[in-house]
Ligand SMILES: NC(=O)c1ccc[n+]([C@@H]2O[C@H](COP(=O)([O-])OP(=O)(O)OC[C@H]3O[C@@H](n4cnc5c(N)ncnc54)[C@H](OP(=O)(O)O)[C@@H]3O)[C@@H](O)[C@H]2O)c1
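In our numbering, the protein residues as written are 7 to 338.
In structure tokens form, the structure reads like this:
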């Protein structure tokens with residue numbers, strides 16, 4: 007089969023595209039004919055060696071997939087040949103990734119595709135949708151009526167946070183870097199979208215929360231959180247969700263934090279159990295059917311352009327190019 011893989015960690019140009027053996031599914035595995043995959047920032051951190059996992063070289067890159075079940079192992083209960091499926095959490099903890107014509111995935115990480123959802127949308131929403139869901143529901147305990155702030159409302163995670171927070175009945179405030187992207191945030195359902203480039207952003211937020219009420223959940227998608235900035239805007243017993251920036255070492259104002267009974271919650275989606283991720287995936291499917299969650303696609307490329315796709319992701323997530331609005335999806 008054709009696959010995008012590396013034989014050593016390094017820059018995006020290390021990604022090769024060529025023939026590798028088609029995997030044979032184990033007894034608990036589903037063999038999937040891949041229809042679409044999506045790029046996530048973590049794919050680039052593993053590829054360049056900054057996030058360290060034991061990689062079985064040649065190692066196929068990628069976490070997310072959607073496709074059609076080709077055949078199943080003897081112990082698989084929930085799927086049969088011909089089912090349309092999606093999932094994430096591959097390419098981690100020494101597992102092979104998904105950027106190939108076929109992938110063999112443990113049944114526990116596989117979910118049915120919601121009716122009407124394209125393979126591209128199913129792959130685009132995989133890791134980011136589960137992340138947004140776990141952050142809001144499992145970790146931050148979102149309730150109807152909460153005021154949710156998400157920094158970066160058109161990003162992979164941010165665009166799902168905006169939609170899922172609205173679906174949960176929250177008032178949503180978000181930021182973006184251009185007029186087009188601010189309009190996109192409003193289209194996703196954000197009640198208020200503010201430019202993160204404005205020098206008046208903090209004042210605008212201070213004025214806004216006089217109307218909305220203070221922030222119950224601050225969902226930070228940036229790698230450089232600024233507790234000094236966010237804590238004054240938080241409500242009593244507010245939750246600050248931190249999920250990016252492994253190297254970030256911001257100053258932390260303890261006094262203003264504890265006198266508001268605040269909680270800071272860190273999480274990495276791949277630590278969630280298979281059951282927790284499956285529950286998130288099932289509710290995402292329901293939100294999709296109800297028209298309340300639609301994964302955003304920024305670019306579709308052939309799988310042979312995986313190296314260019316990784317470079318584009320890096321340019322945006324690490325260098326702030328701002329040239330992407332939605333996920334990069336690749337098709338074998
Ligand atoms: N902990 C976990 O489980 C987990 C899971 C997924 C992702 N992550 C991490 O979360 C981060 C975001 O991932 P992603 O996939 O959503 O990335 P992404 O798609 O690249 O999104 C980045 C977002 O950041 C916005 N942005 C850029 N500069 C900004 C600034 N100065 N202020 C506010 N927003 C700004 C961008 O807005 P514009 O496009 O408008 O410029 C864009 O919306 C990454 O670091 C990733 O590694 C963690």
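Backbone N, C-alpha and C fix where the C-beta goes; we use that ideal spot for every residue, glycine too.
Is any non-hydrogen atom of ligand 1 found closer than 7 Å to the C-beta of residue 229, if you look at the structure I gave you? Yes, Cβ of residue 229 sits closer than 7 Å to a heavy atom of ligand 1.
So, with DSSP's three-state summary, where would you put residue 69? Coil.
Residue 108 to residue 164, Cα distance in whole Å? Straight-line Cα distance between these residues: approximately 30 Å.
Secondary structure at residue 268, three-state DSSP: helix, strand or coil? The answer is coil: DSSP assigns residue 268 none of H, G, I, E or B.
Between residue 71 and residue 40, how many whole angstroms is the CB-CB distance? I'm expecting something under 8 Å. That pair is a contact at about 6 Å.
For residue 217, is the classification buried or exposed, using 16 other Cβ atoms within 10 angstroms of its Cβ as the cut-off for buried? Looking at its Cβ environment, which holds fewer than 16 other Cβ atoms inside 10 Å, residue 217 is exposed.
Residue 10 - DSSP class collapsed to helix/strand/coil: Residue 10 falls in the strand class under three-state DSSP.
Within the continuous beta strand (DSSP E) that includes residue 40, where are the two ends? For residue 40, the uninterrupted beta strand (DSSP E) run begins and ends at 35-44, by DSSP.
Where the beta strand (DSSP E) through residue 304 begins and ends: Residues 303-308.
Using 8 Å for Cβ pairs, my map puts residue 256 next to residue 231. What's the rounded Cβ distance? Contact holds; Cβ gap of about 6 Å.
Once you ignore the five residues that flank residue 222 on each side, which residues in its own chain have a CB closer than 6 Å to its CB? For residue 222, where only same-chain residues beyond five positions count, the Cβ hits under 6 Å are 152, 153, 241 and 244.
Range covered by the alpha helix (DSSP H) that runs through residue 134: Residue range 132-139 is occupied by the alpha helix (DSSP H) that includes residue 134.
Spatial distance of residue 209 from residue 114 (CA atoms): If you take the alpha carbons of residue 209 and residue 114, they lie about 46 Å apart.
Please tell me whether, using a cut-off of 7 Å, the distance from the CB of residue 52 to the nearest non-hydrogen atom of ligand 2 is below it. For the structure depicted, ligand 2 is absent and the ligand set comprises only ligand 1.
Can you round the beta-carbon distance between residue 79 and residue 33 to whole angstroms, since I take them to be within the 8 Å contact cut? The pair is a contact, with the Cβ atoms about 4 Å apart (cut-off 8 Å).
Based on the DSSP secondary-structure assignment, which residues constitute the bridge partners of residue 5? In the structure as shown, the chain begins at 7 and stops at 338. Residue 5 is therefore absent and cannot be evaluated.
Measuring alpha carbon to alpha carbon, tell me which residue in 132, 198 and 238 is nearest residue 220. Among 132, 198 and 238, the Cα nearest to that of residue 220 is on 238.
Distance, residue 272 Cα to residue 202 Cα: As the crow flies, the alpha-carbon of residue 202 is around 23 Å from that of residue 272.
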